[in-house]
Amino acid sequence: MGRYSGRVELDSPLRLDRYVAERLGILTRSQFKSRLESALVDGKAAKPSALLSGGETLELAWTDESDRSFEPEDIPLDVVFENGSALVVDKAQGMVVHPAAGNWSGTLANALLGRLARAGLPVPPRAGIVHRLDKDTSGLVVAAKDERALEYLAAQFRERTARKDYLAVLQGRLPAAEGLVENRLGRDPRNRKRFAVVAPADGEAGRFSSTRWKVLAERRAGGETFTLVALRLRTGRTHQLRVHMRHLGCPILGDPIYGKPSARFPKATLMLHARRLRLSFAPGEEPRTIVSMLPARFVEVLGGLGLALPREDERGF
Numbered sequence: 085m086g087r088y089s090g091r092v093e094l095d096s097p098l099r100l101d102r103y104v105a106e107r108l109g110i111l112t113r114s115q116f117k118s119r120l121e122s123a124l125v126d127g128k129a130a131k132p133s134a135l136l137s138g139g140e141t142l143e144l145a146w147t148d149e150s151d152r153s154f155e156p157e158d159i160p161l162d163v164v165f166e167n168g169s170a171l172v173v174d175k176a177q178g179m180v181v182h183p184a185a186g187n188w189s190g191t192l193a194n195a196l197l198g199r200l201a202r203a204g205l206p207v208p209p210r211a212g213i214v215h216r217l218d219k220d221t222s223g224l225v226v227a228a229k230d231e232r233a234l235e236y237l238a239a240q241f242r243e244r245t246a247r248k249d250y251l252a253v254l255q256g257r258l259p260a261a262e263g264l265v266e267n268r269l270g271r272d273p274r275n276r277k278r279f280a281v282v283a284p285a286d287g288e289a290g291r292f293s294s295t296r297w298k299v300l301a302e303r304r305a306g307g308e309t310f311t312l313v314a315l316r317l318r319t320g321r322t323h324q325l326r327v328h329m330r331h332l333g334c335p336i337l338g339d340p341i342y343g344k345p346s347a348r349f350p351k352a353t354l355m356l357h358a359r360r361l362r363l364s365f366a367p368g369e370e371p372r373t374i375v376s377m378l379p380a381r382f383v384e385v386l387g388g389l390g391l392a393l394p395r396e397d398e399r400g401f
């Protein structure tokens with residue numbers, strides 16, 4: 085059972101279901117409708133269509149997503165850290181994190197269910213997955229082995245105390261050696277399958293999004309400029325890094341949705357990798373930093389640009 089309690093923060097009125105989906109990001113509107121157990125606004129029962137104005141006390145309860153719609157599978161995983169309550173997987177590019185239409189098997193969730201089953205452990209909600217990566221993004225994903233660990237780890241992501249650093253190769257030159265981009269992201273009004281920086285005038289409330297960047301190297305090759313950059317998520321919105329880099333005029337190389345063709349690397353796939361995580365794995369335990377290996381596609385592209393692999397101290401913020 086999932087629960088939320090907090091004060092509504094709004095500048096203008098918004099439906100309850102849209103507030104949950106767009107501002108809190110807990111559930112989509114369809115999930116909110118199908119899984120809602122109770123919704124209390126200032127202590128009184130409220131429907132998904134209830135209009136919030138700001139300042140109200142909101143209490144929600146919803147059922148957990150069922151894991152019975154997919155099966156455990158024996159899929160090898162690159163586990164880079166593991167203890168009694170959690171593990172960190174270095175996800176390969178192309179692996180879907182959670183089953184959905186068109187991808188009901190071969191996912192990270194299927195693999196984790198299989199791993200838990202072989203160990204004789206009960207299955208926590210969402211197969212223990214704490215956060216997600218896009219299919220085309222490679223790198224570190226945290227999974228819990230029990231519900232208590234799942235809540236403890238997920239709280240660090242909600243409260244933004246967990247650090248998530250990425251490496252990316254961009255097309256173009258960023259406006260400064262380092263910086264911060266903050267705006268609101270929502271569905272692209274011109275293409276509902278994409279996300280974009282939005283404003284109230286677009287009819288989209290959007291969700292606050294924040295990304296830090298630091299340039300590690302820059303190279304001109306074949307008439308194009310490429311930038312190796314470290315990115316830190318301060319919020320975790322869908323496609324956030326991809327949209328923010330496009331918004332700055334430097335799309336991520338190989339991005340099939342937000343990118344542009346490259347004559348120098350015409351076969352490049354999405355050059356975005358979740359390189360480093362820092363969080364505590366147990367109450368009272370000091371945060372631990374987990375670092376993944378650089379994927380082969382990064383080695384190939386950086387080698388093609390004549391760039392050395394960045395040392396860890398060069399990547400720090």
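Going by this note's numbering, the first residue of the sequence shown is number 85, and it counts up by one from there. All C-beta atoms in this analysis are idealised placements derived from N, C-alpha and C, irrespective of residue type, glycine included. Since the model is a prediction, treat every value here as computed from it, not as a measurement.
Subject >> Gly256 versus Val282 - alpha carbon distance >> reply: Taking the first residue of the sequence shown as 1, we reach residue 256 at position 172. Taking the first residue of the sequence shown as 1, we reach residue 282 at position 198. Cα-Cα distance, rounded: 23 Å.
Original post:
Lys248 bridges to which residues according to DSSP?
Top reply: Translated into positions along the sequence shown, residue 248 becomes position 164. According to DSSP, which records beta bridges pairwise, Lys248 is partnered with Leu317, Leu361.
Original post:
If you draw a straight line from the alpha carbon of Phe349 to that of Leu192, how long is it in whole angstroms?
Top reply: Taking the first residue of the sequence shown as 1, we reach residue 349 at position 265. Taking the first residue of the sequence shown as 1, we reach residue 192 at position 108. Approximately 29 Å, taken between the alpha carbons.
Original post:
From this set, Met179, Ser169, Leu254, Ala246, which residue's C-alpha is nearest Leu325's C-alpha?
Top reply: Translated into positions along the sequence shown, residue 325 becomes position 241. When only C-alpha atoms are compared, the closest one is Leu254.
Original post:
For the putative contact between Pro209 and Glu243, defined by C-beta atoms under 8 Å, what is the C-beta separation to the nearest angstrom?
Top reply: For the purposes of this step, residue 209 is taken as residue 125 along the sequence shown, with counting starting at 1. For the purposes of this step, residue 243 is taken as residue 159 along the sequence shown, with counting starting at 1. With 8 Å as the limit, Pro209 and Glu243 do not qualify as a contact, their Cβ atoms being about 19 Å apart.
Original post:
Leaving out five residues before and five after Ser169 in sequence, what residues of the same chain have Cβ atoms less than 6 Å from its Cβ?
Top reply: In the sequence shown, counting from the first residue as 1, residue 169 sits at position 85. If we look at Ser169 and ignore the five residues flanking it on each side, its Cβ neighbours are Lys229, Ala233.
Original post:
Are the region 196-215 and the region 329-347 touching, with three or more C-beta to C-beta distances below 8 Å?
Top reply: no
Original post:
Who are the Cβ neighbours of Val299 in its own chain at under 7 Å, not counting the five residues just before and after it?
Top reply: The count along the sequence shown starts at 1 and reaches residue 299 at position 215. Same-chain partners within the cutoff: Leu258, Ala261, Glu262, Thr311, Val313.
Original post:
Where do the N-terminal and C-terminal ends of the alpha helix (DSSP H) with Gly127 fall, by residue?
Top reply: Here residue 127 corresponds to residue number 43 of the sequence shown, with the count starting at 1. Segment: none, Gly127 is in no alpha helix (DSSP H) and carries neither H nor E.
Original post:
How do the region 115-123 and the region 157-169 stand: do at least 3 beta-carbon pairs fall below 8 Å, yes or no?
Top reply: no
**OP:** For Ala239, decide whether its Cβ has a neighbour in chain C, counting only Cβ atoms nearer than 8 Å.
**Re:** In summary, chain C is missing from the structure at hand, where a single protein chain is found.
Original post:
Between the C-alpha atoms of Asp272 and Arg278, what's the straight-line distance to the nearest angstrom?
Top reply: As a working note, residue 272 is residue 188 in the sequence shown. As a working note, residue 278 is residue 194 in the sequence shown. Answer to the nearest angstrom: the Cα atoms are 5 Å apart.
Subject >> Supposed contact pair Ser376 and Leu224 - C-beta distance, whole angstroms, cut 8 Å >> reply: By 1-based counting over the sequence shown, the position of residue 224 is 140. By 1-based counting over the sequence shown, the position of residue 376 is 292. About 5 Å separates the two Cβ atoms, so the contact holds.
**OP:** Return the chain-ordered list of same chain residues with a C-beta closer than 7 Å to the C-beta of Gly109, the five sequence neighbours on each side being excluded.
**Re:** Taking the sequence shown and counting its residues from 1, the one referred to as residue 109 is at position 25. So the qualifying residues of the chain are Arg291.
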